[in-house]
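Going by this note's numbering, 435 is the number at position 435 of the sequence shown; the sequence numbering is gapless. Notes follow once the structure below has been shown.
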Amino acid sequence: MATKIEINGTITVGDLAERLDLPVTKLIGELFKNGMMVTVNERIDVDTAQFIVEELDIEAEFESQAENTPVVQRHKTSDDPDAITRPPVIAVMGHVDHGKTSLLDKIREAKVADGESGGITQHISAYQITHMTGDKKGVKDDFRKITFLDTPGHEAFAALREHGAYLTDLVVVVVAADDGIKPQTLEAIRFARKAGVKMIVAANKIDKEGADINRLKQQLSENELMPEDWGGDTVVMPVSAKTGEGITELIDMVLLSTDVEDLKALGSGAAHGLVIESHMEQGKGPTAVVLVERGVLRKGDFIVAGGVYAKVRTLHGTDGDSIDDAGPSTPVVVSGFKALPEFGTPFEVVASEKVARKLSSEGASRQDARGKLSGASSTELLKAISRGNELQELNIVVKADVQGSLTSVIDSLKTLNTEEVAVKIVGSGVGAFTENDLHLAQTSSAILYGFHAELPAALRKIAARDSLKVRLYDVIYELLDDAKSELSELLAPEVIVTELGRLKVKKVFKTTQKEVIVGGDVTKGTIKVPSVVTIMRDKVQVAEAEAVRLQRGPQEAKEIPEGTECGVSLKTTAKLNLQEGDSLEFVTRELKERSL
Ligand code: GDP
Numbered sequence: 001m002a003t004k005i006e007i008n009g010t011i012t013v014g015d016l017a018e019r020l021d022l023p024v025t026k027l028i029g030e031l032f033k034n035g036m037m038v039t040v041n042e043r044i045d046v047d048t049a050q051f052i053v054e055e056l057d058i059e060a061e062f063e064s065q066a067e068n069t070p071v072v073q074r075h076k077t078s079d080d081p082d083a084i085t086r087p088p089v090i091a092v093m094g095h096v097d098h099g100k101t102s103l104l105d106k107i108r109e110a111k112v113a114d115g116e117s118g119g120i121t122q123h124i125s126a127y128q129i130t131h132m133t134g135d136k137k138g139v140k141d142d143f144r145k146i147t148f149l150d151t152p153g154h155e156a157f158a159a160l161r162e163h164g165a166y167l168t169d170l171v172v173v174v175v176a177a178d179d180g181i182k183p184q185t186l187e188a189i190r191f192a193r194k195a196g197v198k199m200i201v202a203a204n205k206i207d208k209e210g211a212d213i214n215r216l217k218q219q220l221s222e223n224e225l226m227p228e229d230w231g232g233d234t235v236v237m238p239v240s241a242k243t244g245e246g247i248t249e250l251i252d253m254v255l256l257s258t259d260v261e262d263l264k265a266l267g268s269g270a271a272h273g274l275v276i277e278s279h280m281e282q283g284k285g286p287t288a289v290v291l292v293e294r295g296v297l298r299k300g301d302f303i304v305a306g307g308v309y310a311k312v313r314t315l316h317g318t319d320g321d322s323i324d325d326a327g328p329s330t331p332v333v334v335s336g337f338k339a340l341p342e343f344g345t346p347f348e349v350v351a352s353e354k355v356a357r358k359l360s361s362e363g364a365s366r367q368d369a370r371g372k373l374s375g376a377s378s379t380e381l382l383k384a385i386s387r388g389n390e391l392q393e394l395n396i397v398v399k400a401d402v403q404g405s406l407t408s409v410i411d412s413l414k415t416l417n418t419e420e421v422a423v424k425i426v427g428s429g430v431g432a433f434t435e436n437d438l439h440l441a442q443t444s445s446a447i448l449y450g451f452h453a454e455l456p457a458a459l460r461k462i463a464a465r466d467s468l469k470v471r472l473y474d475v476i477y478e479l480l481d482d483a484k485s486e487l488s489e490l491l492a493p494e495v496i497v498t499e500l501g502r503l504k505v506k507k508v509f510k511t512t513q514k515e516v517i518v519g520g521d522v523t524k525g526t527i528k529v530p531s532v533v534t535i536m537r538d539k540v541q542v543a544e545a546e547a548v549r550l551q552r553g554p555q556e557a558k559e560i561p562e563g564t565e566c567g568v569s570l571k572t573t574a575k576l577n578l579q580e581g582d583s584l585e586f587v588t589r590e591l592k593e594r595s596l
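Right, dumping it as C-alpha cells:
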C-alpha cells in the first residue's frame, strides 16, 4: 500500500527522505539528476515531491495542506494622471534544455545560444524587442515594445524574491513538447502562481518527431493548468524555436494577455528601477544592466544602488545601440559605477554626486551591519554548536574543457556531500573562465574550480584584486582532494567535554550582575580554571557560568583537589542567585577541528 504523506505546502528534502525511509543522498541525487540543485534543508513542494517519488518508483501519496504565502507585488499600473502605457515585462522560464534561450533568440533573431559557454545560460539578461503586430484584432498599435527577461533558473529568482520585487508581468513557461513537464517547469509554474503573475505555456520543439501536445496538455491539466481548448483558461501556444513556427502568434498572445492589464508607469521624473545584472567590462569598468521601472534615466544622471553609486557615463540599449535616455520597462546597460552593484538591488536617480555619495555610503554601512549581524554570535563555542545543526554549503563555480568532463567533475564533487556539509554548484560551463564566472564567484563567495580550464591572463588581475579563490587542476583526484579539505573547514568542530570535579557551596560571598563569589568544598575530582560550571540545585540544572578564579585561603590557585576548601569566582551574563547547598559541576569544553 502506498505511504500517505501530509505536506504543509512544502517539505524539506531531509524530512521527505526520512518519511520515505530513504537515504537523503539518494533523494538529493535524484533531484540533481532532474536538474534541481537542492540541499537537505531546502523545501520542495507537493508536485515536485510527487514527481520525484514517481521517478524513484516509490509508491507514496501526498496530501497537501495549503500554505498561505504573502505575496509582494510590484505596482503594475499607476493612478498618476501623468502615467503612460509601458511595455510588458516578460520572464521566460522553463526546464533546462527545453529551448528557453533558443526561443528568445528566435524572438530577437539573434544568435546568443551559440556564444553561450557550454550552452548554459550564465546570468539573467534582458532584451527589448519591437514587434510589428499588423492590424490584428485587439492589439492596440502596429509597433509594440516588449521586454523579455532570460533567467538562469531558481537561484536568480530567489535573489529577486528576497528583495520583494517581482519584475514580471507575465511568465512564458517553455516546455519541450517531446519531453513534457519536468521539475523546473513545476518551479516556474510555482513562481508565477506565488507572484500572482499570468502564465502562457509555450509548447516548444513541435518540429520534433516525439512532440506530443496532447500529452503535455494532459500533464498541464494534472497541475491545475487546464488548457483553454479543454475548457480551462491556460493558453498553450505550439511553437518551434528551430523553424520559427508559431513565434509570431506567441508574441501576439503575450501582447493580448498583458494589454488587458493596462500596464502603466510614470514616464517622466527621476528614474527608479532594479539592477538585474552587473559585470566588469573592458575599458568601461563596473557595468550594470538595469530595468527602469518608472521615470526616465539619462546620461549624466547620478544613481544610487544599495552601497554603490554611478554617474551614468554611457547608456546602451540591450541591442548595443547607444541611447540618451530610457523610460519605463526599458532594460539598459549603464556604465560609470564606482563598484559593481549587487544583482537585485533597487536603484534611484538622485540630485547630485554629493547626495549619491552620502546615500551609497549609508547603504554600504547598512549592508555591513547586516553582514555582521548574520555572521556574529557571542562565542566561538555557540557558533560551533549552532553550526552543527544546519547544513553548511560550499559554493562552487566549475569550468571544464568539455561537457563530458564537466559532468563527471560535478558528479564527483557531489559524492563528497554529507549530512553536514555539501557542495553547491552555483555556476558551471565549458571553456575558459569568463568575467561572469568571476563575478558570480564574488557575489556568491564561491571557489572557482577549473578542470583543464584556463583563467585568461586578463582576468588574473581581477581575480587577484577581488581575492578570489581560483584552483586549476588537470587531475580530478587533486581537485576533489582540494574540495574535500575546503568542505572539512566547514564541518562544525567537535566539542570535547572533560569532567573535572564538583564543589558543594557553603557560603555566597558576593553577587553582582556579572560576578558571583562562593566558598565551598571540593567533593569530587580536581577543579580547575578556566572552566565551565553547571549549577545544580536538588539535582536540577539551574544555570551555567564560567569559573575564572580559584582561591585557597589567601592564595590564588589554578587547581584545587578533592577534600579541599576554596573560593570560586564565577563570571555570569545575568544575575545568578546561588545558595548554600548548590552543587557546582566543573567541566572543560574544547573545540577540535574535524576532517572528512
Ligand atoms: P535552454 O536550456 O532552455 O535555454 O535550451 P536551449 O535553447 O539551449 O535549447 C536546448 C537544445 O534544444 C538546443 O540543442 C537547441 O538547439 C534545441 N532546441 C531548442 N528549441 C528547439 C526546437 O524548437 N526544435 C528543435 N528540434 N530543437 C530545439
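Heads up, the beta-carbon is just placed ideally off N, CA and C, and yes, glycines get one too. All of these numbers come straight from a predicted model, not from anything done at the bench.
| Check | Outcome |
| --- | --- |
| Thr12, DSSP secondary structure in three states | strand |
| Cα-Cα separation, Lys653 to Gly29 | In the structure as shown, the chain begins at 1 and stops at 596. Residue 653 is therefore absent and cannot be evaluated. |
| Collapsed DSSP secondary structure at Ala271 in the structure displayed | coil |
| Which listed residue (Thr434, Thr234, Asp212 and Arg193) has its alpha carbon closest to that of Pro456 | Thr434 |
| Counterpart residues of Met132 in DSSP-defined beta bridges | Phe143 |
| Every unbroken beta strand (DSSP E) within the region 403–490, with a cutoff of 3 residues, ordered by chain | 421–430, 447–451 and 470–473 |
| Start-to-end residues for the beta strand (DSSP E) that takes in Asp45 | Arg43 to Asp45 |
| Exposed unless 16 or more other CB atoms sit within 10 angstroms - verdict on Pro286 | buried |
| Proximal residues to Thr130 (C-beta, below 6 Å), its chain only, five neighbours per side dropped | Phe143 and Lys145 |
| Neighbour-count burial assignment, Asn417, 16 or more Cβ in a 10 Å radius | buried |
| Simplified DSSP assignment, three categories, for Ala288 | strand |
| Inter-residue spacing [alpha-carbon to alpha-carbon] between Gly327 and Ile107 | 22 Å |
| Assumed close pair Val426, Ile396 - CB separation to whole angstroms, cut-off 8 Å | 7 Å |
| Local conformation of Met253 per DSSP, three classes | helix |
| Alpha carbon of Phe586 to alpha carbon of Lys528, nearest angstrom | 8 Å |
| Sequence-distant residues of its chain with Cβ nearer than 8 Å to Leu459 (five each side left out) | Phe433, Thr434, Glu435 and Leu438 |
| Nearest-angstrom Cβ-Cβ length linking Gly363 and Val304, presumed shorter than 8 Å | 7 Å |
| For Val522, the three-state DSSP class (helix, strand or coil) | strand |
| Cβ pair Thr85, Leu263 closer than 9 Å | yes |
| Among Thr101, Arg552, Val475 and Gln392, nearest to Leu490 - alpha-carbon criterion | Gln392 |
| Helix, strand or coil at Gly363 [DSSP, three-state] | helix |
| Exposure of Gly273, with buried meaning 16 or more beta-carbon neighbours within 10 Å | buried |
| Bounding residues of the beta strand (DSSP E) (the contiguous stretch that carries Arg537) | Ser531 to Arg537 |
| Unbroken beta strand (DSSP E) run spanning Glu393, endpoints | Gln392 to Ala400 |
| Check whether Leu149 and Ile276 have beta carbons under 9 Å apart | yes |
| Start-to-end residues for the beta strand (DSSP E) that takes in Val508 | Glu494 to Thr511 |
| Beta-carbon gap between Ile200 and Met237 smaller than 9 Å | yes |
| Burial state of Ala203 (16 or more Cβ within 10 Å) | buried |
| Residue-level contact to chain D via CB, Ala400, 9 Å cutoff | Absent here is chain D; the protein component of the structure consists of one chain. |
| Simplified DSSP state of Leu576, which is helix, strand or coil | coil |
| Check: Lys205 C-beta below 8 Å from any heavy atom of the ligand GDP | yes |
| Beta-carbon gap between Val312 and Leu340 smaller than 9 Å | no |
| As assigned by DSSP and simplified to three states, the class of Gln541 | strand |
| CA nearest to the CA of Phe451, picked from Ser428, Ser444, Leu440 and Leu468 | Ser428 |
| Arg598 in three-state terms, based on DSSP | Past the edges of the chain, shown from 1 to 596, lies residue 598, and the structure says nothing about it. |
| Gln128 classed as buried or exposed, judged by whether at least 16 other C-beta atoms fall within 10 angstroms | buried |
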